[in-house]
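Take a look at the structure set out below.
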Amino acid sequence: MRIAQVAPLIESVPPKYYGGTERVVSYLTEELVRQGHEVTLFASGDSVTKARLLATSRRSLRLDRTCVDRLAHQICQLEDVYRHAGRFEIIHFHTDYPHFPVSSRQPVPHVTTLHSRLDVPDLVPVYRRFQRTPVVSISDAQRAPLPWLNWQGTVYHGLPEDAYTFQPDPGKHLAFIGRISPEKRVDRAIEIARRVGMEIKIAAKVDDVDREYFETYIAPLLKDRYTDYVGEIGEGEKDDLLGSAAALLFPIDWPEPFGLVMIEAMACGTPIVAYRQGSVPEVIDEGVTGFIVEGIGDAVKAVERVFTLSRKRCRERFQERFTVSRMARDYREIYERLIEDGHEARQRSA
């Protein structure tokens, strides 16, 4: 199959540090190449892949201090995609909706995985306008605000089985990994760790938009004796931090579309304590890979219970549900269906 993967330009593929969407695009692209498909990746020039790389920007835009207008690069990328569109049987976008006015008028089959939250009122007009555009969700919960879209399926994220190291013995610290922002609620994680009397290691980036929030509300909390803020880290460091943790804290306060760090923790054998928001009940198997909680007190009790869970069983559930081979298989089935639908549509119009 001749496949185009179109990644955001904000981070490289895979990202050097934080970047869930770009990491998933990397895993999917490399697995499709491994399976023998002819894959072209549209991404930033500092991306690393076994696919054919067509780069619009010299490097990832977040790390390019000379970049002022990111949208300009997106427009150029879209032009690059459709300049080469005749080479592909299917084009898979991971860039949300900006391509809709172009892709909806082109004959090459396409599909878009929506990686972001969909409960923003401003999204309704654009998705109503392009309601027939084929899209994929990364959890069933993500669909709730826009159930009337042309959903082709839900495809949960997946990781290579060797991406993270299984560690059978729990460490003595808790972990928080991701972004420091109001919806991620690292303040809750710090409070949970303080109440349970365990150290928490926080590995998280701070985006410019969240800098004031960080400095005003979070920085003072990092002085707590139970808190170790290590900043933004790479994959190797994440493997060790997650694998050596007693549990991952995921005390979110927003409709999380998926939560890649949850399955990264599972791959290490590390259970999760998470608030019941968004995709959490779909990803966590209650009492097997972690506990779903309703508040701080509930979370403290859950942390005390994580030592009763089997880390081996946690890793096994990752292998059963969240591998990259399963993710690629799910997408391949969607590709084949859309290609066949496109072929039938062309025959009817001939």
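Take the sequence shown: its letters are residues 22 to 371, numbered as in our numbering.
For each residue, glycine too, the CB sits at the ideal point set by N, CA and C.
Please confirm whether residue i and residue j have their CB atoms less than 7 Å apart.
i	j	result
residue 40	residue 32	yes
residue 151	residue 133	no
residue 290	residue 335	yes
residue 268	residue 324	yes
residue 23	residue 109	yes
residue 386	residue 277	Here the chain comprises residues numbered 22 to 371, so residue 386 is not present and cannot be evaluated.
residue 204	residue 274	yes
residue 310	residue 338	yes
residue 119	residue 95	yes
residue 111	residue 296	no
residue 288	residue 185	yes
residue 242	residue 195	no
residue 272	residue 200	no
Can you give me the C-alpha to C-alpha distance between residue i and residue j, rounded to a whole angstrom?
i	j	result
residue 218	residue 198	19 Å
residue 191	residue 174	36 Å
residue 251	residue 326	26 Å
residue 229	residue 351	36 Å
residue 262	residue 63	32 Å
residue 157	residue 135	6 Å
residue 353	residue 214	42 Å
residue 102	residue 27	8 Å
residue 89	residue 30	13 Å
residue 46	residue 259	19 Å
residue 210	residue 155	38 Å
residue 226	residue 91	20 Å
residue 85	residue 107	31 Å
residue 34	residue 349	17 Å
residue 254	residue 246	21 Å
residue 313	residue 281	16 Å
residue 283	residue 306	11 Å
residue 65	residue 320	40 Å
residue 216	residue 231	26 Å
residue 81	residue 53	23 Å
residue 75	residue 43	15 Å
residue 61	residue 83	23 Å
Please identify the residue among the options whose C-alpha is closest to the C-alpha of residue i.
i	options	result
residue 104	91, 77, 304	77
residue 159	356, 300, 97, 117	300
residue 328	220, 138, 189, 278	189
residue 163	293, 360, 45, 279	279
residue 141	123, 166, 161, 130	166
residue 139	254, 71, 170	170
residue 168	149, 66, 249	149
residue 98	271, 238, 79	79
residue 172	66, 131, 235	131
residue 208	183, 237, 187	237
residue 182	330, 366, 322, 48	48
residue 233	202, 249, 223	202
residue 249	82, 281, 223, 87	223
residue 187	360, 358, 340, 359	340
Quick one: using the 10 Å Cβ neighbour count with 16 as the cut-off for buried, is residue i buried or exposed?
i	result
residue 318	exposed
residue 69	exposed
residue 362	exposed
residue 117	buried
residue 240	exposed
residue 50	buried
residue 244	exposed
residue 137	exposed
residue 212	buried
residue 125	exposed
Any beta carbon of chain D sitting closer than 7 Å to that of residue i?
i	result
residue 170	Looking at the structure shown, chain D is missing, and only one protein chain is on hand.
Taking only heavy atoms of the ligand ADP into account, decide whether any of them is closer than 6 Å to the Cβ of residue i.
i	result
residue 264	In the structure shown, the ligand ADP is absent, as is every other ligand, since no ligand is present at all.
Report yes or no: do the stretch 129 to 147 and the stretch 50 to 59 share at least 3 C-beta pairs separated by less than 8 Å? no
Using 8 Å as the cut-off, can you tell me whether the stretch 344 to 352 makes contact with the stretch 178 to 189, which would need three or more C-beta pairs spanning the two stretches below that distance? yes
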